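Student: Numbering (the numbering used here), first residue to last: 173 to 308.
Glycine is no exception: its CB is placed at the ideal position from the N, C-alpha and C atoms.
Values in this document were obtained by computation on a predicted structure and should not be read as measured data.
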């Protein structure tokens, strides 16, 4: 997955910028009523809080083995995006590494675990009408 964008990110009331590397999407389970288990792989991202300044990278034990579990839902109509739902507290193996010395420990410290949640809209650049992927 490329072209990932995060918006309206705050940490302890401070504006934060999230910069991800490209991630992969795998769908290991069967689809039932248009929904299937999903996993984002190769997850690694940097969070920067310019006001402090503070930055930390979140990843798995190596830069390429981070993951987040969720579920994929097929688009409901032609032209719609498919969605990847990541419930708050989704299972993952992401922890803070590369934490800058200027980060207060009440914000982030080395080894802190990531708690994530959200919905990602997926659109295929090569599909008709740029609609989301349908998984069968």
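(1) Provide the residue span of the beta strand (DSSP E) that contains residue 246, from first to last.
(2) Counting Cβ pairs closer than 8 Å, one from the segment 218 to 229 and one from the segment 237 to 257, do we hit at least three?
(3) For residue 225, collect the residues of the same chain with a Cβ closer than 6 Å to its Cβ; drop the 5 residues on either side in sequence, then sort them by chain order.
(4) So residue 241 packs on residue 263, CB below 8 Å; how close in whole Å?
(5) Taking the continuous beta strand (DSSP E) assigned at residue 295, which residues delimit it?
(6) If you draw a straight line from the C-alpha of residue 172 to the C-alpha of residue 206, how long is it?
(7) Please report the distance separating the alpha-carbon of residue 211 from that of residue 267.
Tutor: Taking the structure as given:
(1) Counting along the chain, residue 246 falls outside any beta strand (DSSP E), and DSSP gives it neither H nor E.
(2) Result no; under three Cβ-Cβ pairs closer than 8 Å.
(3) Excluding positions up to five away in sequence, the list reads 274.
(4) The C-beta distance from residue 241 to residue 263 rounds to 4 Å, short enough to meet the 8 Å contact threshold.
(5) Bounds of any beta strand (DSSP E) do not take in residue 295, whose DSSP letter is neither H nor E.
(6) No answer is possible for residue 172: the residues shown for the chain start at 173 and end at 308.
(7) Taking the straight line from one Cα to the other gives about 17 Å.
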